[in-house]
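So the sequences go chain by chain: A and B. The numbering of the first sequence is my numbering, which starts it at 1 and goes up by one. The numbering of the second sequence is my numbering, which starts it at 390 and goes up by one. Just so you know, even glycine gets a beta-carbon here, dropped at the ideal spot from N, CA and C. Quick caveat: nothing in here was measured; it's all calculated off a predicted structure. Heads up, the thing below is written out as structure tokens.
Number of protein chains: 2
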Amino acid sequence: MDGSVWEGLLAKAAQVQVPEHLKSRMDRGEKLRVKFGMDPTAPDLHLGHLVVLDVLRDLQEAGHTIVIIVGDHTALIGDPSGRSQTRPVLTPQVVEANARTYFDQIYKVLDPARTEVHGNSEWLSSMDAAGVLQLMGKATLQQVLQREDFAERLRTGSPIGAHEILYPFNQAYDSVAVRADLEVGGSDQLFNLLFGREIQRGYSQEPQDIAVFPLLEGRDGSIKMSKSAGNHIGIAEAPAEIYGKIMSIPDHLTERYLRLIGRLPSSEVDRLLTLGPRDAKAALALRMVARLHGEDEAVAAEEDFRRRFRAREAPQEMEDHRPAQPDDLTGTMVEAGLASSRGEARRLSQQGGVRINGEKVTEASFSSFENSDVLQVGKRRFVRIRLSE
Amino acid sequence: MDGSVWEGLLAKAAQVQVPEHLKSRMDRGEKLRVKFGMDPTAPDLHLGHLVVLDVLRDLQEAGHTIVIIVGDHTALIGDPSGRSQTRPVLTPQVVEANARTYFDQIYKVLDPARTEVHGNSEWLSSMDAAGVLQLMGKATLQQVLQREDFAERLRTGSPIGAHEILYPFNQAYDSVAVRADLEVGGSDQLFNLLFGREIQRGYSQEPQDIAVFPLLEGRDGSIKMSKSAGNHIGIAEAPAEIYGKIMSIPDHLTERYLRLIGRLPSSEVDRLLTLGPRDAKAALALRMVARLHGEDEAVAAEEDFRRRFRAREAPQEMEDHRPAQPDDLTGTMVEAGLASSRGEARRLSQQGGVRINGEKVTEASFSSFENSDVLQVGKRRFVRIRLSE
Numbered sequence: 001m002d003g004s005v006w007e008g009l010l011a012k013a014a015q016v017q018v019p020e021h022l023k024s025r026m027d028r029g030e031k032l033r034v035k036f037g038m039d040p041t042a043p044d045l046h047l048g049h050l051v052v053l054d055v056l057r058d059l060q061e062a063g064h065t066i067v068i069i070v071g072d073h074t075a076l077i078g079d080p081s082g083r084s085q086t087r088p089v090l091t092p093q094v095v096e097a098n099a100r101t102y103f104d105q106i107y108k109v110l111d112p113a114r115t116e117v118h119g120n121s122e123w124l125s126s127m128d129a130a131g132v133l134q135l136m137g138k139a140t141l142q143q144v145l146q147r148e149d150f151a152e153r154l155r156t157g158s159p160i161g162a163h164e165i166l167y168p169f170n171q172a173y174d175s176v177a178v179r180a181d182l183e184v185g186g187s188d189q190l191f192n193l194l195f196g197r198e199i200q201r202g203y204s205q206e207p208q209d210i211a212v213f214p215l216l217e218g219r220d221g222s223i224k225m226s227k228s229a230g231n232h233i234g235i236a237e238a239p240a241e242i243y244g245k246i247m248s249i250p251d252h253l254t255e256r257y258l259r260l261i262g263r264l265p266s267s268e269v270d271r272l273l274t275l276g277p278r279d280a281k282a283a284l285a286l287r288m289v290a291r292l293h294g295e296d297e298a299v300a301a302e303e304d305f306r307r308r309f310r311a312r313e314a315p316q317e318m319e320d321h322r323p324a325q326p327d328d329l330t331g332t333m334v335e336a337g338l339a340s341s342r343g344e345a346r347r348l349s350q351q352g353g354v355r356i357n358g359e360k361v362t363e364a365s366f367s368s369f370e371n372s373d374v375l376q377v378g379k380r381r382f383v384r385i386r387l388s389e
Numbered sequence: 390m391d392g393s394v395w396e397g398l399l400a401k402a403a404q405v406q407v408p409e410h411l412k413s414r415m416d417r418g419e420k421l422r423v424k425f426g427m428d429p430t431a432p433d434l435h436l437g438h439l440v441v442l443d444v445l446r447d448l449q450e451a452g453h454t455i456v457i458i459v460g461d462h463t464a465l466i467g468d469p470s471g472r473s474q475t476r477p478v479l480t481p482q483v484v485e486a487n488a489r490t491y492f493d494q495i496y497k498v499l500d501p502a503r504t505e506v507h508g509n510s511e512w513l514s515s516m517d518a519a520g521v522l523q524l525m526g527k528a529t530l531q532q533v534l535q536r537e538d539f540a541e542r543l544r545t546g547s548p549i550g551a552h553e554i555l556y557p558f559n560q561a562y563d564s565v566a567v568r569a570d571l572e573v574g575g576s577d578q579l580f581n582l583l584f585g586r587e588i589q590r591g592y593s594q595e596p597q598d599i600a601v602f603p604l605l606e607g608r609d610g611s612i613k614m615s616k617s618a619g620n621h622i623g624i625a626e627a628p629a630e631i632y633g634k635i636m637s638i639p640d641h642l643t644e645r646y647l648r649l650i651g652r653l654p655s656s657e658v659d660r661l662l663t664l665g666p667r668d669a670k671a672a673l674a675l676r677m678v679a680r681l682h683g684e685d686e687a688v689a690a691e692e693d694f695r696r697r698f699r700a701r702e703a704p705q706e707m708e709d710h711r712p713a714q715p716d717d718l719t720g721t722m723v724e725a726g727l728a729s730s731r732g733e734a735r736r737l738s739q740q741g742g743v744r745i746n747g748e749k750v751t752e753a754s755f756s757s758f759e760n761s762d763v764l765q766v767g768k769r770r771f772v773r774i775r776l777s778e
């Protein structure tokens with residue numbers, strides 16, 4: 001990253017609080033404790049996570065300590081109401097396995113030697129009822145209800161388990177327990193990070209500075225990359241997968257991906273963007289595979305992609321088609337005008353004349369379309385599948 | 390009490406839930422565990438508490454077990470926000486002293502041998518953070534926010550400490566801990582008692598039945614007797630005090646007091662009410678002193694009252710006067726037309742010609758008027774002091 005850590009952080013951050021305070025600490029050469037939270041129910045990282053991880057790496061290189069908090073306390077308890085799908089009970093074995101998966105990925109970016117790891121059960125499981133009362137006494141209910149998902153559910157009358165009020169307190173108390181100087185996260189974590197400041201104040205600690213970062217768009221162009229939305233590109237995926245998926249993102253996202261996760265000097269990004277949309281995207285794909293799997297794998301993935309996909313001359317512009325039923329291959333071919341009947345469609349695929357993203361497909365091997373899939377019949381006929389608005 | 394315990398309870402209760410269930414358990418001869426909560430910050434009982442205590446005594450006599458829960462857990466922690474005047478931190482010594490005061494009074498009505506006593510710190514102080522999360526998971530925030538004081542504060546934007554959400558859960562969990570079959574309380578406790586049912590269900594216990602009882606009006610006629618409002622008649626007060634204070638209640642409350650706390654057959658109440666307002670009230674006063682101090686003290690208090698007060702022929706009807714400054718004796722006398730000047734008022738009181746409720750008063754011994762005080766000058770001139778609307 002060009003320039004100081006501070007400038008790099010500021011260039012990417014969606015919001016920093018309190019910037020002048022944070023900058024002066026960095027300028028004075030203070031070594032900060034930088035908190036970052038990990039959700040042990042979702043150990044699979046994707047490219048969106050690199051936005052923050054790259055900043056953490058820069059901070060490490062500048063001598064700061066990254067403190068990763070594994071939210072194991074809640075994961076081990078689970079959601080006592082049983083209502084929440086997002087908070088399943090995990091066994092200690094699963095928490096440990098997930099943490100292993102997570103750290104295998106995160107250490108592709110971070111330096112383990114300068115990373116401190118804690119499970120928040122270290123301090124939360126020994127807290128007693130009086131401690132919980134003390135903790136909750138540090139804020140008003142009205143402050144907690146400002147959190148967007150609570151406010152929304154109150155407005156719409158959808159139930160909020162009373163215990164859910166505890167979750168922001170628990171994660172905020174983590175900042176107290178590790179004496180965090182700075183906490184970073186996605187911009188969807190803004191409330192939680194600010195709440196950490198509030199609770200630290202309640203325990204007479206200097207409130208942490210905070211920095212939140214933009215959420216990277218998914219490869220379908222939708223607002224947020226996430227595994228559950230199926231629009232993610234996983235950090236642990238194979239080189240060819242990463243390369244091919246990046247090549248499928250909408251052109252207008254190439255610059256955004258380059259700037260947020262390319263980890264390139266901005267002058268280099270500017271240069272790549274002059275190459276035109278397809279080549280800029282290919283440079284991004286090459287760069288990302290190189291970051292995650294090394295240069296050799298990146299070059300191999302590029303060659304493989306060119307051979308398999310470009311050779312078939314998929315046009316840069318093709319028509320979109322929205323299938324009536326995304327799990328119906330032959331029906332979709334008929335709808336899109338790629339076959340005159342289901343019978344013909346079936347024959348074409350049996351003869352090896354139908355491809356999705358360059359891979360041959362038959363009714364037997366097909367399960368369902370994903371957004372942005374390129375459906376091809378023969379050498380010249382293509383449509384791009386669109387599933388969402 | 391006439392008839393069965395069930396009929397007595399039903400005659401006084403403001404609400405019973407679930408009545409048919411409770412009645413059938415009683416009819417089957419089941420011995421119930423009847424929960425009643427005590428606030429260790431307010432150990433002074435007054436006549437209003439007898440409404441429920443008499444029901445508890447009847448239940449004891451029918452063989453049920455009264456389980457009194459001293460809310461010492463919260464009292465020992467106090468209010469961590471320091472915002473609440475109503476939840477001071479108490480030392481263990483103060484909690485113990487208050488409990489002693491409380492039980493000295495309560496055992497004027499209840500049989501100690503059939504009363505089980507617990508401090509809720511027995512189960513709450515050892516609860517851990519996971520236990521608190523489990524407990525709070527048994528209800529939604531929306532359910533808790535139905536509690537009137539929360540709803541009101543949300544509406545008016547006055548802060549609710551997040552920890553305050555825990556208090557109803559704690560008291561509801563007390564029902565789980567003691568496996569309560571029935572909980573009784575004042576009608577202002579309706580939410581808490583219903584919430585006990587909810588939380589017992591959450592822990593797979595059969596929900597307690599509940600019965601709430603009317604709040605006895607204060608001796609100034611206002612809606613609720615309470616020490617803080619200064620309109621109470623204490624259970625521990627001296628016979629002459631109790632007698633005199635009951636004689637000062639508004640006539641229209643005589644029947645209500647007789648029926649709610651007289652502990653008399655309803656036919657006897659009917660008979661007393663035929664005597665006319667003054668004699669019915671005198672019978673109530675005699676009855677209440679007898680209940681709390683015995684027959685001999687009651688007769689003595691009545692004789693003393695008659696000698697001191699009736700002998701001076703305080704008229705049954707007299708004018709009301711609202712003092713401009715209730716702590717100004719001579720000014721009030723001038724305002725009320727009982728003296729032509731402060732100088733005359735001062736002379737009259739120095740000569741022993743001024744009485745409040747039959748007691749001689751001078752400027753030196755006077756501190757302030759209370760509502761319903763009878764201010765008398767000489768043998769024939771009276772006004773009744775009114776302080777509130």
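Any C-beta of chain A under 8 angstroms from that of residue i
i	result
B:A561	no
B:A674	no
B:I466	yes
Test: residue i CB closer than 8 angstroms to a CB of chain B
i	result
A:M333	no
A:L387	no
For residue i, the first and last residue of its enclosing alpha helix (DSSP H)
i	result
A:M333	329-335
B:V533	530-533
A:I233	Premise fails: A:I233 is in no alpha helix (DSSP H) and is neither H nor E.
B:E541	537-545
A:R308	Careful: A:R308 lies outside any alpha helix (DSSP H) and carries neither H nor E.
A:G353	Careful: A:G353 lies outside any alpha helix (DSSP H) and carries neither H nor E.
A:I261	254-261
A:V51	50-61
Limits of the beta strand (DSSP E) - the one that residue i falls within
i	result
B:R422	422-427
A:R380	That residue, A:R380, is in no beta strand (DSSP E); it is neither H nor E in DSSP.
A:T115	115-119
B:Q385	What the structure shows of chain B is the stretch from 390 to 778, and residue 385 of chain B is not part of that stretch, so it cannot be assessed.
B:I457	454-459
B:G575	571-575
Integer Cβ distance of residue i from residue j, believed to fall under 8 angstroms
i	j	result
A:Q17	A:I210	5 angstroms
A:W6	A:M26	5 angstroms
A:I233	A:H46	6 angstroms
Of all the residues that make up the stretch 133-148 of chain A, which are near chain B by a beta-carbon distance shorter than 9 angstroms? Interface annotation for the stretch 133-148 of chain A against chain B: L133, Q134, L135, M136, G137, K138, A139, T140, L141, Q142, Q143, V144, L145, criterion Cβ-Cβ distance under 9 angstroms.
At a CB distance below 8 angstroms, what residues from the stretch 541-557 of chain B approach chain A? Give them in sequence order. Residues passing the 8 angstroms Cβ filter: L543, G546, P548, I549, G550, A551, H552, E553, I554, L555.
Q | Where the stretch 17-50 of chain A meets chain E: residues whose CB sits under 8 angstroms from a CB there | A | Checking the listed chains, one finds no chain E in this structure; the protein chains it contains are A and B.
Quiz item: Using a beta-carbon distance cut-off of less than 8 angstroms, what residues from the stretch 97-131 of chain A approach chain B?
Solution: The stretch 97-131 of chain A vs chain B, Cβ under 8 angstroms: L124, S125, S126, M127, D128, A129, A130, G131.
Task: Cβ-based contacts, 9 angstroms cut-off: residues of the stretch 229-242 of chain A near chain B - done: Flagged: no residues at all.
Q: Residues of the stretch 562-590 of chain B with a CB closer than 8 angstroms to any CB of chain A: list them in chain order, please.
A: Taking a C-beta cut-off of 8 angstroms against chain A, none of the residues of the stretch 562-590 of chain B qualify.
Exercise for review: Taking 8 angstroms as the threshold, find out whether the stretch 108-115 of chain A comes into contact with the stretch 516-532 of chain B through three or more Cβ pairs.
Suggested key: Of all C-beta pairs linking the stretch 108-115 of chain A to the stretch 516-532 of chain B, fewer than three are shorter than 8 angstroms, placing the two stretches out of contact.
Original post:
So does the stretch 146-157 of chain A actually touch the stretch 557-569 of chain B, counting three or more Cβ pairs closer than 8 angstroms?
Top reply: Because the criterion of three Cβ pairs below 8 angstroms is not met, the stretch 146-157 of chain A and the stretch 557-569 of chain B do not touch.
I want to know whether the stretch 476-483 of chain B touches the stretch 684-696 of chain B - three or more CB-CB distances under 8 angstroms. Judged by Cβ distances under 8 angstroms, the stretch 476-483 of chain B makes no contact with the stretch 684-696 of chain B, as fewer than three pairs qualify.
(Q) Check whether the stretch 598-614 of chain B and the stretch 449-467 of chain B touch, using three or more Cβ-Cβ pairs below 8 angstroms as the test. (A) Not touching, per the Cβ criterion.
Mind the definition here: the stretch 161-168 of chain A touches the stretch 550-558 of chain B only if three or more C-beta pairs lie below 8 angstroms; say whether that holds.
Contact between the stretch 161-168 of chain A and the stretch 550-558 of chain B is present, because at least three Cβ pairs lie under 8 angstroms.
Assess, as a yes-or-no matter, whether the stretch 371-380 of chain A is touched by the stretch 344-357 of chain A under the definition of 3 or more beta carbon pairs within less than 8 angstroms. Yes: at least three Cβ pairs fall under 8 angstroms.
query: Should the stretch 639-657 of chain B be regarded as contacting the stretch 666-678 of chain B, the criterion being three or more beta carbon pairs within less than 8 angstroms?
result: By the Cβ test, the stretch 639-657 of chain B is in contact with the stretch 666-678 of chain B, since at least three Cβ pairs between them sit closer than 8 angstroms.
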